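See structure below.
Protein chains: 2
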Amino acid sequence: MPAERIRDHVGAGATTVAAHRRRLRADRARQLADLLRRLLLRGGFPDGVLPHEAAIGADYGASRNTVRQALDLLRAEGLVERLPGVGTIVVAEKYEHGLDRLMGLAETLHEHGPVTNEVRTVGTVSAPAPVAERLGLPDSAEVLHIERLRRLGGLPLSFDVSYLPLDIGAPLLGADLENTDVFRLLESMTGQPLGHADITLEAVSADVHSAAVLGVPRGAAVLMLDRLTHLADGRPVDVEFIRFRGDRIRMSGRMPRFP
Amino acid sequence: MPAERIRDHVGAGATTVAAHRRRLRADRARQLADLLRRLLLRGGFPDGVLPHEAAIGADYGASRNTVRQALDLLRAEGLVERLPGVGTIVVAEKYEHGLDRLMGLAETLHEHGPVTNEVRTVGTVSAPAPVAERLGLPDSAEVLHIERLRRLGGLPLSFDVSYLPLDIGAPLLGADLENTDVFRLLESMTGQPLGHADITLEAVSADVHSAAVLGVPRGAAVLMLDRLTHLADGRPVDVEFIRFRGDRIRMSGRMPRFP
């Protein structure tokens with residue numbers, strides 16, 4: 043990224059030349075980090091080792107300082123580590139969760155191994171008003187409430203809170219929630235496939251309690267999914283608040299200009 | 043949420059009773075915060091003031107301590123503030139960006155007011171290898187490189203870095219990038235609509251530089267969008283790395299079980 047050809051609109055006039063240079067280097071480091079992040083999350087370094095700093099610099103037309111700063115950004119995200127004598131190695135896998143099709147976590151990640159669920163809470167509660175409303179239930183109706191910490195290969199991926207109508211949810215009390223997606227159980231128990239889900243994705247900072255459950259530092263970036271799942275017949279049956287570890291899950295899909 | 047009816051699987055046996063109670067209260071506070079967050083982001087408190095703590099407690103069957111802890115979580119996210127003598131007020135609007143249809147930011151948010159763009163950089167650079175590859179260009183081909191800080195009503199929403207092939211992008215050099223979506227410019231300049239985009243969403247912590255640009259604390263949660271946009275004829279024309287402020291943008295859509 044040869045910087046001399048970049049025309050700069052906010053310009054050095056407003057600041058000192060040194061501050062301007064720092065800003066340009068920070069911009070270039072971030073741009074380089076974005077490119078390397080994409081490569082490493084997609085297995086672009088098959089042996090798990092990044093090229094030497096000098097080689098990265100040559101490939102991307104970046105100075106040694108910029109390369110170092112870019113690698114520092116990736117290290118701060120928990121994606122790479124530096125091993126003396128070895129170089130910079132990829133330490134994290136960030137699993138892809140599809141946005142195009144509604145799937146449970148175990149279903150989504152089956153190629154990577156089994157998902158296990160630590161069921162922290164399961165039982166009936168009186169539905170909070172916003173939950174009752176979304177499920178089309180009367181105020182304070184009984185609902186099934188489930189909290190699960192979900193892991194792949196022992197590593198926490200997400201912390202899920204679900205609310206289900208009792209007529210739909212009660213059979214789940216005897217089911218193997220530790221090893222089975224709720225989606226799969228719902229389909230086998232109702233005898234009909236799921237239809238669709240309305241979702242909202244947000245980036246939030248982990249509160250101290252969620253951070254402890256997910257095994258991340260307080261304030262770590264969390265991909266939060268609010269999902270209302272419907273059966274094929276249109277009935278809403280599952281309100282969920284899911285916190286994915288930001289360093290372990292990404293969501294990918296295709297968006298059409300004219301659906 | 044009457045806790046006494048919640049059957050607990052990890053149980054008090056493993057910890058002290060006091061620690062167990064703290065965990066249950068933290069769980070309930072988070073659950074309550076999730077419900078209130080959803081309401082407030084959807085305008086559920088039309089006058090912008092939340093009910094008194096006691097009223098929230100009564101509505102949700104939660105103790106005063108749990109309500110306070112839930113409001114503290116929302117305050118930490120920058121969504122509410124406490125005003126002495128007034129109560130808890132909503133201070134943030136979190137705009138909805140659709141996942142179902144490919145749209146530019148100004149197009150998406152037109153009901154909320156005009157989006158203005160601070161063009162920080164615009165110029166040609168030699169395409170980094172991963173950019174060239176995604177755009178179907180030869181290595182080191184010249185591409186147009188644009189960096190914009192995008193605002194709504196003066197408030198920073200996102201920090202966008204784009205790379206476009208030069209034959210497509212060059213006309214943008216003379217265009218009103220300050221006030222127009224690149225998507226709209228692309229459609230008017232190529233004379234064809236956009237087709238689709240391949241997207242990846244991640245939650246990341248803001249590095250110090252991005253945080254300064256976006257006006258958020260270092261480490262704040264950022265919703266990062268990696269997007270490759272194609273024209274209707276299938277040609278990939280726009281590689282973007284977009285950092286949305288996590289406290290200002292959420293992404294919503296509908297996912298079918300069987301597309």
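Heads up: the protein sequence lines correspond to chains X and A, in order. Per the working numbering, the first sequence starts with residue 43, numbered consecutively. Per the working numbering, the second sequence starts with residue 43, numbered consecutively. Beta carbons: idealized from backbone N, C-alpha and C, even for Gly. As the structure is a prediction and not an experimental result, all values here were calculated from the model.
Neighbouring residues, chain A, relative to residue i (Cβ below 7 angstroms)
| i | result |
| --- | --- |
| X:A171 | D101 |
| X:A97 | Going along chain A, no residue has its Cβ under 7 angstroms from X:A97, so there is no contact; the nearest lies around 12 angstroms. |
| X:F283 | D76 |
| X:R292 | T242, L243, E244 |
| X:A68 | H251 |
| X:A61 | Within chain A, no residue comes near X:A61; the closest Cβ sits about 11 angstroms away, beyond 7 angstroms. |
Partner residues on chain X for residue i, Cβ-Cβ distance less than 8 angstroms
| i | result |
| --- | --- |
| A:H29 | Past the edges of chain A, shown from 43 to 301, lies residue 29 of chain A, and the structure says nothing about it. |
| A:A196 | For clarity, residue 196 of chain A is Gly in the given sequence; the question names Ala instead. Under the 8 angstroms cutoff, chain X gives no residues; its nearest Cβ is about 16 angstroms from A:G196. |
Cα-Cα separation, residue i to residue j
| i | j | result |
| --- | --- | --- |
| A:N298 | A:T108 | Reading the sequence as shown, one finds Pro at residue 298 of chain A and not Asn. Those two C-alpha atoms are separated by around 36 angstroms. |
| A:F300 | X:G165 | 30 angstroms |
| X:G127 | X:V91 | 12 angstroms |
| X:L82 | A:A239 | 21 angstroms |
| A:T163 | X:L66 | 10 angstroms |
| X:A104 | X:R176 | 52 angstroms |
| A:E229 | A:I284 | 20 angstroms |
| X:R72 | X:L78 | 10 angstroms |
| A:T158 | X:R80 | 28 angstroms |
| X:L273 | X:E220 | 22 angstroms |
| A:H154 | A:G195 | 9 angstroms |
| A:P88 | X:T271 | 27 angstroms |
| A:T222 | X:V203 | 41 angstroms |
| X:Q234 | X:P156 | 24 angstroms |
| X:P278 | X:L179 | 10 angstroms |
| X:V59 | X:A68 | 14 angstroms |
| A:R296 | X:A96 | 45 angstroms |
| X:Y308 | X:R84 | Since the displayed chain X opens at 43 and closes at 301, residue 308 of chain X lies outside it and no answer follows. |
| X:H152 | X:A262 | 26 angstroms |
| A:L186 | A:P213 | 10 angstroms |
| A:R143 | X:A183 | 36 angstroms |
| X:R106 | X:L227 | 54 angstroms |
| A:K136 | X:L113 | 32 angstroms |
Neighbourhood of residue i by C-beta distance below 7 angstroms, restricted to the same chain and skipping five residues each side
| i | result |
| --- | --- |
| A:S294 | E138, G140, L141 |
| X:A171 | D181 |
| X:R260 | A248, V250, A253 |
| X:V255 | L191, F201 |
| X:N198 | For clarity, residue 198 of chain X is Pro in the given sequence; the question names Asn instead. So the list reads L191, L256, G257, R287, once near-sequence residues are dropped. |
| A:E46 | In this prediction, A:E46 has a pLDDT of 36, which is less than 50 and means its spatial position is unreliable; what the coordinates show is noted afterwards. No residues qualify anywhere along the chain. |
| A:P44 | Because the pLDDT of A:P44 is 40, which lies under 50, any placement of that residue in the model is unreliable, and the question is left without a value. |
Partner residues on chain A for residue i, Cβ-Cβ distance less than 9 angstroms
| i | result |
| --- | --- |
| X:R260 | Correct list: empty, because the minimum Cβ distance to chain A is about 10 angstroms. |
| X:A174 | Neighbours of X:A174 on chain A: none; closest Cβ ~11 angstroms, over 9 angstroms. |
| X:E119 | V246, S247, D249 |
CA nearest to the CA of residue i, picked from the options
| i | options | result |
| --- | --- | --- |
| X:I98 | X:G129, X:A68, X:E119, X:A118 | X:G129 |
| A:T232 | A:H251, A:G211, A:V246, A:D223 | A:G211 |
| A:R70 | A:P235, A:Q111, A:P88, A:D209 | A:Q111 |
| A:A174 | A:R292, A:R65, A:A60, A:E282 | A:E282 |
| X:G216 | X:R64, X:V161, X:L256, X:V264 | X:V161 |
| X:D209 | X:D280, X:L265, X:I241 | X:D280 |
| A:D218 | A:M266, A:V122, A:R190, A:P88 | A:R190 |
| A:G288 | X:A245, X:V264, X:R290 | X:A245 |
| X:E119 | A:R292, A:M266, A:P278, A:H272 | A:M266 |
| A:T150 | A:V59, A:A262, A:F225 | A:F225 |
| A:I188 | A:L206, A:L179, A:V132 | A:L206 |
| A:A100 | X:I291, X:S168, X:L125, X:R124 | X:S168 |
| A:P93 | A:A68, A:R64, A:R124 | A:R124 |
| X:R193 | X:L214, X:A183, X:G146, X:L186 | X:G146 |
| A:I291 | X:A134, X:I291, X:R292, X:L243 | X:L243 |
| X:A134 | X:L144, X:R117, X:R143, X:A148 | X:R117 |
Partner residues on chain X for residue i, Cβ-Cβ distance less than 9 angstroms
| i | result |
| --- | --- |
| A:G257 | Ordered by position in chain X, no residue passes the 9 angstroms Cβ test against A:G257, which lies about 15 angstroms from the chain. |
| A:E135 | Within chain X, no residue comes near A:E135; the closest Cβ sits about 13 angstroms away, beyond 9 angstroms. |
Chain-order list of residues whose beta-carbon lies under 8 angstroms from that of residue i (same chain, five-residue window excluded)
| i | result |
| --- | --- |
| X:R276 | Position check: residue 276 of chain X holds Gly in this sequence, whereas Arg was assumed. These residues qualify, in order along the chain: G237. |
| X:L115 | A71, R72, A75 |
| A:V132 | L82, F87, G90, V91, L92, L121, V122 |
| X:R64 | none |
Neighbourhood of residue i by C-beta, 6 angstroms cutoff - its chain only, sequence neighbours within 5 removed
| i | result |
| --- | --- |
| A:R269 | A239, I241, E282 |
| A:V264 | V246, A248, R285, G288 |
| X:A148 | V157, D223 |
Chain A contact residues for residue i, given Cβ-Cβ distances below 8 angstroms
| i | result |
| --- | --- |
| X:P298 | R143, L144, G237, H238 |
| X:G288 | E244, A245, V246, S247, A263 |
7 angstroms Cβ cut-off: residues of chain X touching residue i
| i | result |
| --- | --- |
| A:L81 | P172 |
Neighbouring residues, chain B, relative to residue i (Cβ below 9 angstroms)
| i | result |
| --- | --- |
| A:A112 | Considering every chain present, this structure includes no chain B. Its protein chains are X and A. |
Requested in this report: For the region 205-236 of chain A, list the alpha helix (DSSP H) runs that are entirely contained and at least 4 residues long, ordered along the chain.
Outcome: 208-211, 224-232
Requested in this report: Within the region 58-96 of chain X, note down every full alpha helix (DSSP H) run reaching 4 residues or more, in order along the chain.
Outcome: 59-83
Query raised in the report: In the region 177-208 of chain A, which residue ranges form an unbroken beta strand (DSSP E) of at least 3 residues, counting only runs that do not cross its ends?
Result: 184-194, 197-207
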